[in-house]
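Chemist: Numbers 317 to 514, taken from the numbering used here, label the letters of the sequence shown in order.
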Amino acid sequence: MARRSATEVAGSRAQTLDAAVQLASLVGLEGLTIGGLAERLGMSKSGLVGRFGSKEKLQLATLDQAADIFRRTVYEPTSATPPGLARLNAICDAWVAYLGRPPFPGGCFLTTAMVEFDGRPGPVNDAVKNVMRRWLALLEREATTAIENGDLPSGTDPADVAFTINALAVGTNCDFQLNRNHSSLQRARRAMAAALAQ
């Protein structure tokens, strides 16, 4: 049998992770197993073990993939917008659109991972915290720029801004996934706008 190229191996790993993200969005990262994913993909468990080594490594790789999809969907489209308040508003627009049309069948993957692992210490918990730390730091940087530009009051705490809009997005995801009520998306955007119009 001919050996596969590095590109083919990388491509098959990416396809596997795409399937893992879709499955984990429904069953949770803890519910994501090598056996369950192998069955979904129609491949052997040993083939997946060869790609990831363990369930925990599969969970961590899947979380990384989901975070990358979030970044590409919510942040990257706004990167050409001027930094500060304009970019924060663009991020909020993209974020609410993402919540209303998530790329995952189970809604916002990162919200689900936070809820699932908030009380479970270990490497996956650490990885979820790291992803959220980086995201909140990015929001804080934009809020700091908005303050420096005079678009937010000088006494504003950038961490409060980041916390507030993140909390609104997390709550919106939960409400929208449970009730499928599009008015919750509109309420979220109004609340985010109010938080950014101090």
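From the three backbone atoms N, C-alpha and C, an ideal C-beta is built for every residue, glycine too.
Because the structure is a prediction, the values reported are computed rather than measured.
#1: Among the residues of its own chain, which have a CB less than 7 Å from the CB of A402, if the five just before and after it don't count?
#2: Secondary structure at N497, three-state DSSP: helix, strand or coil?
#3: So, with DSSP's three-state summary, where would you put F420?
#4: Buried or exposed: A511, going by 16 or more other Cβ atoms within 10 Å of its Cβ?
#5: Inspect the beta-carbon positions of L345 and V440 and report whether they are closer than 8 Å.
#6: For the ligand ADP, is there a heavy atom less than 7 Å away from the beta-carbon of E456?
#7: Using only alpha-carbon positions, find the residue among T397, L333, T349, C408 that is nearest to A382.
#8: To the nearest angstrom, how far is the alpha carbon of S470 from that of L484?
#9: Classify M508 as helix, strand or coil using the three-state DSSP reduction.
#10: So, for T461: in the same chain, excluding its five sequence neighbours on each side, which residues have a beta-carbon less than 7 Å away from its beta-carbon?
#11: Could you give the residue range of the alpha helix (DSSP H) that holds T349?
#12: Go ahead and label S500 buried or exposed: buried means 16 or more other beta carbons lie within 10 angstroms of its beta carbon, across all protein chains shown.
#13: With distances taken between CB atoms, is the gap from Q338 to P437 smaller than 8 Å?
#14: Go ahead and label N497 buried or exposed: buried means 16 or more other beta carbons lie within 10 angstroms of its beta carbon, across all protein chains shown.
#15: Quick one: grab the DSSP three-state call for T378.
#16: Can you tell me which of F386, L404, N446, G358 puts its alpha carbon nearest to the alpha carbon of A513?
#17: Quick one: what does DSSP say P439 is sitting in, helix, strand or coil?
#18: Quick check: what's the CA-CA separation for A330 versus R367?
#19: Once you ignore the five residues that flank F433 on each side, which residues in its own chain have a CB closer than 6 Å to its CB?
Modeler: In this structure, then:
#1: Numbered from its first residue, the sequence shown carries residue 402 at position 86. For A402, where only same-chain residues beyond five positions count, there are no Cβ hits under 7 Å.
#2: The residue given as residue 497 occupies position 181 in the sequence shown. Note: N497 maps to coil in three-state DSSP.
#3: One-based indexing of the sequence shown puts residue 420 at position 104. Shown here, F420 sits in coil according to DSSP, grouped into three states, outside any helix or strand.
#4: Residue numbering aside, residue 511 sits at position 195 when the sequence shown is read from its first letter. Buried, by the Cβ-count rule.
#5: If you number the sequence shown from 1, residue 345 lands on position 29. If you number the sequence shown from 1, residue 440 lands on position 124. Taking 8 Å as the Cβ cut-off, L345 and V440 qualify as a contacting pair.
#6: The model on display carries no ligand, and the ligand ADP is accordingly not part of it.
#7: Translated into positions along the sequence shown, residue 382 becomes position 66. For A382, the nearest C-alpha among the options comes from L333.
#8: Numbered from 1 along the sequence shown, position 154 holds the residue referred to as residue 470. Numbered from 1 along the sequence shown, position 168 holds the residue referred to as residue 484. One Cα belongs to S470, the other to L484, and the distance between them is close to 23 Å.
#9: Position 192 of the sequence shown, counted from the start, is the residue given in the question as residue 508. Three-state result, M508: helix.
#10: If you number the sequence shown from 1, residue 461 lands on position 145. Cβ neighbours of T461 beyond the five flanking positions: P399, G400.
#11: For the purposes of this step, residue 349 is taken as the residue at position 33 of the sequence shown. Careful: T349 lies outside any alpha helix (DSSP H) and carries neither H nor E.
#12: For the purposes of this step, residue 500 is taken as residue 184 along the sequence shown, with counting starting at 1. Burial call: buried.
#13: Stepping through the sequence shown from its first residue, residue 338 is reached at position 22. Stepping through the sequence shown from its first residue, residue 437 is reached at position 121. No, they are not a contact pair.
#14: In the sequence shown, counting from the first residue as 1, residue 497 sits at position 181. Classified as exposed, N497 has fewer than 16 neighbouring CB atoms from the shown chains inside 10 Å of its CB.
#15: Here the question's residue 378 lines up with position 62 in the sequence shown. Here T378 sits in helix by DSSP.
#16: Within the sequence shown, residue 513 is the residue found at index 197, counting from 1. It is L404.
#17: In the sequence shown, the residue the question calls residue 439 occupies position 123. DSSP, reduced to helix, strand and coil, places P439 within a helical segment of the structure shown.
#18: As a working note, residue 330 is residue 14 in the sequence shown. As a working note, residue 367 is residue 51 in the sequence shown. About 11 Å.
#19: Locating residue 433 in the sequence shown gives position 117, counting from the first residue. Closer than 6 Å at Cβ, skipping near neighbours: V440, N441, V444.
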